[in-house]
Every structure is written in structure tokens, then in C-alpha cells.
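Q:
Number of protein chains: 2
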Amino acid sequence: MEDLAPRERILHAAIVLFARHGFTGTGLRELASIAGVNLAMINYFFGSKMGLLKEILDGFFEKYLAIATRELRGSASMSTKLSRFIYSAVCYFESEQDVLLVAITELPHDDPEIIEHKANWARQLVKLLEQEICKPLAEETGRNIPGTCIGPMLTSLMASRFLFSPVMQQVRKSDEDPVDIASYVEIITALFLQGLAAQEEKNCKSISTPT
Amino acid sequence: MEDLAPRERILHAAIVLFARHGFTGTGLRELASIAGVNLAMINYFFGSKMGLLKEILDGFFEKYLAIATRELRGSASMSTKLSRFIYSAVCYFESEQDVLLVAITELPHDDPEIIEHKANWARQLVKLLEQEICKPLAEETGRNIPGTCIGPMLTSLMASRFLFSPVMQQVRKSDEDPVDIASYVEIITALFLQGLAAQEEKNCKSISTPT
DNA sequence: ACCGAAGTTAAACAAACGTTTGATTTTTTG
DNA sequence: CAAAAAATCAAACGTTTGTTTAACTTCGGT
């Protein structure tokens with residue numbers, strides 16, 4: 397493993413292993429060995445296995461919320477802001493797939509402490525979506541969709557490629573063509589703004605130009 | 397627990413516990429105790445813990461594929477078939493939330509045996525989507541989106557409500573309004589067919605009218 | 001040079017893990 | 001009713017689990 401500080405090596409190894417085997421499926425001894433540290437260092441730095449998970453989750457949600465705030469706040473049109481958000485978020489997901497998997501797949505498991513932890517982040521994101529997406533949407537179209545519904549939809553949709561990737565990789569097999577990220581962003585954006593039936597726009601850069 | 401046959405009681409208890417604590421997070425002793433059977437009966441009926449998981453997954457994918465086949469095959473318009481599929485699938489998800497959670501959240505974990513198992517089901521679903529959705533879509537709009545991309549997107553989107561429900565329940569807190577299932581189906585269908593910006597149609601049955 | 005804090009270590013802890021065994025009960029079958 | 005098959009059981013198998021302890025090294029500040 398790299399020549400990072402031990403604390404960072406533990407964090408990196410944990411992200412990879414939690415994504416591969418799940419949180420409960422990962423043993424601290426395997427983790428310590430891959431991180432190249434002594435077993436006891438994990439509890440020394442993070443207090444407990446759960447503390448380690450919390451730090452990973454916080455890292456994800458903090459960045460995700462920052463992206464949402466940056467792209468959704470402001471005076472641009474709702475569709476512009478939404479397409480910018482989708483672009484930035486998917487790129488972030490792509491760059492940190494393992495963190496995303498940990499955050500998403502550990503979602504429904506019912507440790508009350510973890511649920512409340514995540515709810516605190518989710519509350520902020522939902523509030524932002526309510527203001528910047530749901531409210532203008534209701535004014536424009538008459539549809540009143542709450543943020544607690546649109547939030548999960550947006551996040552799930554953007555994460556779908558990564559959530560299913562191990563299986564879909566196996567499904568694609570030989571006749572390749574895994575849809576590059578740019579196209580994926582374009583598909584999701586078009587889906588959200590115009591629906592599946594949207595006509596193709598050749599050479600369109602109109603969607604994906606963040607400032 | 398109910399007065400079902402012991403084999404069924406194990407299956408039911410496993411679905412609930414795997415959904416709550418994850419596969420690796422569930423101990424067979426707790427499972428046996430909740431199912432009201434002796435510990436050894438689990439291995440007696442299912443061979444191993446993994447065999448138990450496989451049976452749960454098979455149950456889910458078999459029904460999911462059956463719904464997709466029933467709703468997507470035939471001569472109706474693509475949008476009609478799609479909206480029927482979304483309706484049936486979401487209702488099925490709702491009726492068996494725990495099974496859905498097990499199937500979805502255990503997705504990325506990397507036991508090769510399980511991945512190949514799921515890939516076999518996914519292959520059939522993707523093939524169906526290619527024929528009934530992707531092909532007509534390409535003809536109508538010029539957009540060529542592979543089934544391995546649309547499959548995950550569709551499933552993720554429909555599952556989003558259930559995947560995030562423990563957290564969102566906490567987020568909603570006091571000022572209620574959890575979007576009933578009928579509205580949820582309508583939102584997703586409209587999103588897929590016309591995009592978010594679709595105008596509201598009061599008392600709309602217009603979504604599912606074939607041309 | 002020395003001291004206290006921070007970092008690192010091997011070893012041990014009890015508890016829980018999935019699985020197997022062999023005996024015993026229940027049910028089915030001839 | 002007896003023999004065969006299926007179901008159920010308590011107990012133990014050897015690992016592995018997350019965490020803790022106490023001793024040890026490393027190192028910056030005075």
C-alpha cells in the first residue's frame with residue numbers, strides 16, 4: 397500500500413473493503429493487514445469499527461452536499477441548475493465509487509445511531525432540493541413532489557450505474573459497450589428534464605457545461 | 397411466529413433479518429430463534445447460509461422477471477407497456493420490501509458465486525428490455541441506450557423509495573406526507589415518459605393510453 | 001539530554017460465527 | 001404394526017469476531 401499516513405491507509409482500505417464485502421462482512425484483521433497497520437491502530441484512531449464507518453459516511457455526505465449546494469443555489473434556471481448538479485454528482489460518484497457504494501448499500505440497515513447520523517445529512521440535502529427544485533417545479537408545472545421523494549429518486553438514478561456495475565459487467569460479457577460517463581450523464585439529464593422519449597441532439601454540449 | 401412450516405418460517409425470518417442487518421450481519425442463531433426452529437434446521441433445509449440467500453434472491457428475481465415479461469411483451473405501445481410495468485413492479489416492491497432490500501443492497505458485494513447467480517437473472521431481464529424498450533426507443537428517437545444501462549436505471553428509480561425509506565422516515569419527522577404509492581407510481585412513470593417538467597394532469601389516466 | 005505525548009506493537013479477552021455430528025423424535029410408507 | 005424416511009434436537013467443532021490491555025518505541029519541545 398501507499399506511503400500515506402497510517403490513519404489514511406486505514407480509511408482507504410476500509411472504503412475498498414466495506415464496498416466489496418459490506419461493513420459487517422469486513423474483518424478488522426483483514427483490514428489492518430491490507431492497510432499495513434497493526435490491528436489495534438484501528439481502534440486507536442477511530443475508537444471503534446462503527447466510528448470508522450461514520451467517518452467514511454461523513455466524508456461522502458459532506459462532499460455530496462457541497463456539490464448540491466454549489467450547483468443548485470443561485471439564480472440560473474431550474475433545468476440549468478439540475479443538469480449541472482447531475483453532471484457534478486455523477487462525476488463525483490465515478491471518482492469515488494467505493495465510498496458511494498458504502499453510503500448507498502449500508503443505507504437501509506437499521507442501526508439507529510447510523511440512521512440518525514445519515515438523517516442529519518439527508519435533512520440538509522432535502523431542504524436544499526425543496527427550495528431549489530421542488531418549489532420552482534410546483535410553480536412551473538403544478539406538480540408538488542416533496543424533497544423526500546425526489547432526493548432518493550435523483551440519488552438512486554445517478555448511482556444506478558455504480559450500484560449494479562459488478563453484475564452488469566458480467567452481463568455485458570463479450571459484446572462490450574459500457575456507455576461512457578459523458579453519455580451516462582447526458583441520458584440521466586435528458587431523462588429528468590424531458591423524459592425517455594426526448595429526441596437525440598447530436599453533438600450536444602448544451603447540457604454539460606458547468607462554470 | 398406464524399404456524400407455517402418450519403422451512404417457510406426460516407425463509408421469512410431470513411428475509412426480515414437480512415433486510416435489517418444485512419446478510420453478513422445476521423447470525424444464524426438469532427435467525428433460528430426468531431424463526432422458532434433449531435439452529436441445525438437451517439443447514440438441513442438450505443445446505444448453508446449462502447444457499448438460503450440464493451433462494452431468497454431467486455424468489456425475487458423470478459417474480460420480477462415474470463412481471464417484466466407479462467407487462468412488456470406484446471403489441472401495445474412502448475409507453476403503455478412501460479407504464480404498466482412500472483405500476484406492477486412498484487406494487488410488487490411495495491408488497492415485498494424486505495426481499496427487495498436484500499436483492500438490491502446485497503448487489504455489489506463481491507462473492508463471485510452470487511454475482512454470477514444474479515447475472516443469470518439480469519441477462520434475461522436485460523434481453524427483454526433491449527427488445528421491448530431500447531429497440532423501439534432507438535427507432536422512435538434515435539437514442540440508442542443499451543439495456544445494461546436502462547435496466548439499472550429503471551430498477552434503481554423504482555426502488556429508491558424503499559431503499560431510502562428508513563432514513564427518509566426520520567427526515568420527514570413530524571410534518572408528514574409520505575407520498576402514497578399511487579402518486580409515487582405516477583411520478584416515476586411521468587418522469588420516464590415526459591421528464592420532470594411534465595405538466596400535471598388532473599385525474600390523469602392519460603399516461604397509459606396507447607396510441 | 002530528558003520527559004511526556006503520540007504512535008505502535010504482540011498478546012489475550014470473551015463472545016459470536018457457520019457448520020457438523022450423532023442421537024432422538026416424528027411422520028410416512030409398505 | 002413394523003420398517004424406512006424425514007424432521008428435530010442438544011452439543012460441540014474450530015475459527016473468527018471487535019475490543020482491550022500493557023509494554024514498547026518514536027519523537028518533538030524545552
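Those sequence lines, one after another, are chains A and B.
Residue numbers for the first sequence follow our numbering, so the first one is 397 and each next one is one higher.
Residue numbers for the second sequence follow our numbering, so the first one is 397 and each next one is one higher.
For every residue, glycine included, the Cβ atom is placed at its ideal position computed from N, Cα and C.
Since the structure is predicted, the reported quantities are computational estimates derived from the model, not experimental observations.
1. Roughly how many whole angstroms lie between the Cα atoms of A410/B and L427/B?
2. Short of 7 Å Cβ to Cβ, which residues in the region 412-425 of chain B face chain A?
3. Once the 5 residues before and after L400/B are set aside, which same chain residues still bring their CB inside 8 Å of it?
4. Relative to the alpha-carbon of I510/B, which residue among S444/A, I482/A, P562/A, T501/A has its alpha-carbon at the smallest distance?
5. Does any CB atom of chain A fall closer than 7 Å to the CB of C545/B?
6. Tell me whether the beta-carbon of I438/B lies closer than 7 Å to the beta-carbon of I406/B.
7. Taking the alpha helix (DSSP H) that C487/B falls in, what are its first and last residues?
8. Can the beta-carbon of I452/A be found less than 7 Å from the beta-carbon of S484/A?
9. Use the C-beta contact count for A608/B: other C-beta atoms within 10 angstroms, 16 or more gives buried, fewer gives exposed.
10. For K514/B, would you say it is in contact with chain A, using Cβ-to-Cβ distances shorter than 7 Å as the test?
11. Taking DSSP as the reference, what is the three-state secondary structure of R568/A?
12. Determine the direct distance from the alpha carbon of E458/B to that of W517/B, and round the result to whole angstroms.
13. How about F456/B: is its C-beta nearer than 7 Å to some C-beta of chain A?
14. Give every residue of the same chain whose Cβ lies closer than 8 Å to the Cβ of E528/B, excluding the five residues on either side of it in the sequence, and list them in chain order.
15. Using a Cβ-Cβ cut-off of less than 9 Å, give me the residues of the region 568-588 of chain B that come near chain A, in sequence order.
16. Under 8 Å, with one C-beta from each stretch per pair, do the region 573-580 of chain A and the region 537-545 of chain B reach the 3-pair mark?
17. What residue range is occupied by the uninterrupted alpha helix (DSSP H) comprising S417/A?
18. If I measure Cβ to Cβ from P504/B and keep anything under 7 Å in the same chain, skipping five residues before and after, which residues do I get?
19. Would you mind telling me which residues of chain B sit closer than 9 Å to M564/A, beta carbon to beta carbon, in chain order?
20. Grouping DSSP H, G and I as helix and E and B as strand, with all else coil, what is I541/B?
21. Can you check whether the CB of S556/A is closer than 7 Å to the CB of S552/B?
22. In angstroms, rounded to a whole number, what distance separates the CA positions of V567/B and P548/A?
23. Mapping the DSSP letters down to three states, classify D494/B as helix, strand or coil.
24. Closest Cβ-Cβ distance between T501/B and chain A: below 7 Å?
25. Along the chain, which unbroken stretches of the alpha helix (DSSP H) at least 4 residues long are found entirely within the region 422-466 of chain A?
26. Could you tell me whether any Cβ in chain A is nearer than 7 Å to the Cβ of H408/B?
27. Does H513/A come out as helix, strand or coil in the three-state DSSP assignment?
28. What is the rounded straight-line gap between the Cα of G447/B and the Cα of A472/A?
29. Given V433/B, which residues of its chain have a CB within under 7 Å of its CB, disregarding the five upstream and five downstream residues?
30. Just reading off the alpha helix (DSSP H) that V581/B is part of, what are its end residues?
31. Using a C-beta cutoff of 7 Å, does L338/A count as contacting chain B?
32. Counting contacts by CB-CB distance shorter than 7 Å, is S552/B in contact with chain A?
A: On the basis of the coordinates in this document:
1. If you number the second sequence from 1, residue 410/B lands on position 14. If you number the second sequence from 1, residue 427/B lands on position 31. Roughly 6 Å between the two C-alpha positions.
2. A415, R416, H417, G418, T420, G421
3. Start at 1 with the first residue of the second sequence, and residue 400/B comes out as number 4. H408, listed in sequence order.
4. Residue numbering aside, residue 510/B sits at position 114 when the second sequence is read from its first letter. Out of S444/A, I482/A, P562/A, T501/A, P562/A has the C-alpha closest to the C-alpha of I510/B.
5. Here residue 545/B refers to the residue found at position 149 of the second sequence. With 7 Å as the cut-off, C545/B counts as an interface residue toward chain A.
6. Indexing the second sequence from 1 puts residue 438/B at position 42. Indexing the second sequence from 1 puts residue 406/B at position 10. Yes, Cβ-Cβ distance for I438/B and I406/B is below 7 Å.
7. The sequence position of residue 487/B within the second sequence is 91, counting from 1. Where C487/B is concerned, the enclosing alpha helix (DSSP H) stretches over 474-491.
8. As a first step, residue 452/A is located in the first sequence; it is residue number 56 there, counting from the start. As a first step, residue 484/A is located in the first sequence; it is residue number 88 there, counting from the start. Going by C-beta atoms, I452/A is not nearer than 7 Å to S484/A.
9. In the structure as shown, chain B begins at 397 and stops at 607. Residue 608/B is therefore absent and cannot be evaluated.
10. For the purposes of this step, residue 514/B is taken as the residue at position 118 of the second sequence. So, interface residue.
11. Translated into positions along the first sequence, residue 568/A becomes position 172. Taken through DSSP and simplified to helix, strand or coil, R568/A comes out as helix.
12. Stepping through the second sequence from its first residue, residue 517/B is reached at position 121. Stepping through the second sequence from its first residue, residue 458/B is reached at position 62. Whole-angstrom Cα-Cα distance: 8 Å.
13. Taking the second sequence and counting its residues from 1, one reaches residue 456/B at position 60. Output row for F456/B: interface = no.
14. Numbered from its first residue, the second sequence carries residue 528/B at position 132. The answer, listed in chain order, is L468, R469, M474, K477.
15. So the list reads R568, K569, D573, P574, V575, S579, Y580, I583, I584, A586, L587, F588, given in the order they occur along the chain.
16. yes
17. Counting from one through the first sequence, the residue named residue 417/A turns up at place 21. Looking at the sequence provided, one finds His at residue 417/A rather than Ser. 402-417 is the extent of the alpha helix (DSSP H) around H417/A.
18. Along the second sequence, one-based indexing puts residue 504/B at 108. Nothing listed; no residue qualifies.
19. Here residue 564/A is taken as the residue at index 168 of the first sequence, counted from 1. Ordered by position in chain B, the residues that pass the 9 Å Cβ test against M564/A are A515, A518, V522, T544, C545, G547, P548.
20. For the purposes of this step, residue 541/B is taken as residue 145 along the second sequence, with counting starting at 1. It is coil, neither helix nor strand.
21. Here residue 552/B refers to the residue found at position 156 when the second sequence is read from its first residue. Here residue 556/A refers to the residue found at position 160 when the first sequence is read from its first residue. Contact: yes.
22. Within the second sequence, residue 567/B is the residue found at index 171, counting from 1. Within the first sequence, residue 548/A is the residue found at index 152, counting from 1. For V567/B and P548/A, the distance between alpha carbons rounds to 12 Å.
23. As a working mapping, residue 494/B is identified with position 98 in the second sequence. D494/B falls in the helix class under three-state DSSP.
24. The residue given as residue 501/B occupies position 105 in the second sequence. Yes - at least one Cβ of chain A is within 7 Å of the one on T501/B.
25. 424-431, 435-442
26. Residue 408/B sits at position 12 when you count from the first residue of the second sequence. Closer than 7 Å: no.
27. As a first step, residue 513/A is located in the first sequence; it is residue number 117 there, counting from the start. Helix.
28. For the purposes of this step, residue 447/B is taken as residue 51 along the second sequence, with counting starting at 1. For the purposes of this step, residue 472/A is taken as residue 76 along the first sequence, with counting starting at 1. G447/B and A472/A have their C-alpha atoms some 53 Å from each other.
29. The residue labelled residue 433/B in the question sits at position 37 within the second sequence. Excluding its 5 nearest sequence neighbours in each direction, V433/B has C-beta neighbours in its own chain below 7 Å: P402, R405, I406, listed in chain order.
30. Locating residue 581/B in the second sequence gives position 185, where the first residue counts as 1. V581/B -> alpha helix (DSSP H) spans 577-590.
31. One cannot answer for residue 338/A here, as it falls past the ends of chain A, which runs 397 to 607.
32. Translated into the one-based positions of the second sequence, residue 552/B becomes position 156. Using a CB distance cut-off of 7 Å, S552/B counts as an interface residue toward chain A.
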